[in-house]
Each structure stands twice: as structure tokens, then as C-alpha cells.
Amino acid sequence: MKVRILSVGNKMPNWVQTGFDEYFKRIQPMLSTEIVEIAAAKRAKNPSDANLAQYREQEGQAILAAHNATGREQLWVLDVKGKMISTEGLADKLADSMQQGDDIALVIGGADGVSPEVLAKADVKWSLSALTLPHPLVRVVLMEQLYRAMSINNNHPYHRGN
Numbered sequence: 001m002k003v004r005i006l007s008v009g010n011k012m013p014n015w016v017q018t019g020f021d022e023y024f025k026r027i028q029p030m031l032s033t034e035i036v037e038i039a040a041a042k043r044a045k046n047p048s049d050a051n052l053a054q055y056r057e058q059e060g061q062a063i064l065a066a067h068n069a070t071g072r073e074q075l076w077v078l079d080v081k082g083k084m085i086s087t088e089g090l091a092d093k094l095a096d097s098m099q100q101g102d103d104i105a106l107v108i109g110g111a112d113g114v115s116p117e118v119l120a121k122a123d124v125k126w127s128l129s130a131l132t133l134p135h136p137l138v139r140v141v142l143m144e145q146l147y148r149a150m151s152i153n154n155n156h157p158y159h160r161g162n
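Each residue of the sequence shown is one higher than the one before, starting from 1 at the first, in full-length UniProt numbering.
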């Protein structure tokens, strides 16, 4: 199984890259992981609601173009209105996907969210938190949670949950 993180935005601050790289390195023996950076739409200084919808649509088209819909790649979208999943629940979902032979494309949308088209195609809509998190921080939290879930699945002592 392979997980591809389709993330809108690039040029992350050094602290984000350092945290992401640490968990990225740790997870590789357990789960092949790749990040695909998708350019954010160029934004106006004071965008209208119509502009915001246009940005989401442009980024959504790029996300769907990067998603391997013809293969066995599930589309998981991080969405504030998505379902909350515990770390143990994430471990179970990853194990299920592995058993089915599916890959996963995990979407981190842009600053204005994801397009309705991307949400409509999502196999899983997942909310990391009820809190509003900055997009760069989401990269680090997501990689740590993937690593923690795979640690559970591999009986690694990193996870000390119940």
C-alpha cells in the first residue's frame, strides 16, 4: 500500500519541513508515503466570494488530476465537516485499506478549503480536529498520526494509548 499526500501549497517554513521530514523518515519502513505539492491558486488581495469559489475550483481540478482514480487509490479528504477518527480508528482504516490492496490519496486542501467536486469524489471525509489548524501545521500533525497509526498496526511501542 502507498499513501500519497496531495497538499495544496509549497514553500513550507523550516520548522514544518523539519517536523514533516522526521515522521516521513520514520514511517517509510512501515508505509510507503509520498507528498505531492499542488500549487495554490494565485489570490487577489481582497477576494470576493466568487473569487474564493474560483480558487477552490482551480485547486480542486489540480487535486483530481493528481489523484489516480483509474487505479485502486481511495480519495481521503481532510475537511472540517468530516468525521472525527481516533488514532486507533485510523489504524483500523489503514489496515483495512492494506488488506483490500488499495492505495490512498490524502488531500490537504488550500486555505479556502476544497471544491465541491473533490468532496463529492471523496471516499473518506476526515476532520483532524474541531480546532482551526494552519495548513502547514496540518502536514506535521497528519504525518505524525499516520506514523502513530502504523506503529499501532506494527506493535511498535511509540503508541501508548489505551
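Idealized CB from N, CA, C, for every residue including glycine.
Suppose only complete runs of 3+ residues qualify. What are the beta strand (DSSP E) ranges in the stretch 90-133, listed by chain order?
103-108 and 124-127
Taking buried to mean at least 16 other C-beta atoms within 10 Å of its own C-beta, is residue 67 buried or exposed?
Position 67 of the sequence shown, counted from the first residue, corresponds to residue 67. So residue 67 ends up on the buried side.
With DSSP collapsed to three states, give me the class of residue 2.
By one-based count along the sequence shown, residue 2 stands at place 2. DSSP places residue 2 in strand when its eight states are reduced to three.
Residue 40 versus residue 130 - alpha carbon distance:
Within the sequence shown, residue 40 is the residue found at index 40, counting from 1. Within the sequence shown, residue 130 is the residue found at index 130, counting from 1. For residue 40 and residue 130, the gap between their C-alpha atoms comes out near 24 Å.
Tell me where the beta strand (DSSP E) around residue 27 begins and ends.
To locate residue 27, count along the sequence shown from 1; it is residue 27. It is not in any beta strand (DSSP E) - residue 27 instead sits in the alpha helix (DSSP H) that spans 14-27.
Which residues mark the beginning and the end of the beta strand (DSSP E) in which residue 38 is found?
As a working mapping, residue 38 is identified with position 38 in the sequence shown. First-last of the beta strand (DSSP E) with residue 38: 32-38.
Assuming residue 115 contacts residue 56 under a Cβ cut-off of 8 Å, what Cβ separation, rounded to an integer in Å, is found between them?
On the sequence shown, position 115 is the one that residue 115 refers to. On the sequence shown, position 56 is the one that residue 56 refers to. With 8 Å as the limit, residue 115 and residue 56 qualify as a contact, their Cβ atoms being about 4 Å apart.
When you compare each of 32, 126, 26 and 113 to residue 156 by their alpha carbons, which one comes out closest?
Here residue 156 refers to the residue found at position 156 of the sequence shown. Of the listed residues, the one whose Cα sits closest to residue 156 is 26.
Quick one: any contact between the stretch 84-100 and the stretch 42-52, if contact means 3 or more CB pairs under 8 Å?
no
What's the call for residue 150, buried or exposed, on a 16-neighbour Cβ count within 10 Å?
Residue numbering aside, residue 150 sits at position 150 when the sequence shown is read from its first letter. Residue 150 comes out buried.
Excluding sequence positions up to five away, which residues of its chain have a Cβ less than 6 Å from the Cβ of residue 154?
Taking the sequence shown and counting its residues from 1, the one referred to as residue 154 is at position 154. Cβ neighbours of residue 154 beyond the five flanking positions: 30.
Tell whether a beta-carbon distance below 9 Å holds between residue 120 and residue 74.
Position 120 of the sequence shown holds residue 120. Position 74 of the sequence shown holds residue 74. Cβ distance not < 9 Å, so residue 120 and residue 74 don't count as in contact.
C-alpha distance - residue 122 paired with residue 16, whole-angstrom precision
Taking the first residue of the sequence shown as 1, we reach residue 122 at position 122. Taking the first residue of the sequence shown as 1, we reach residue 16 at position 16. Using only the alpha carbons, I get a separation of about 26 Å.
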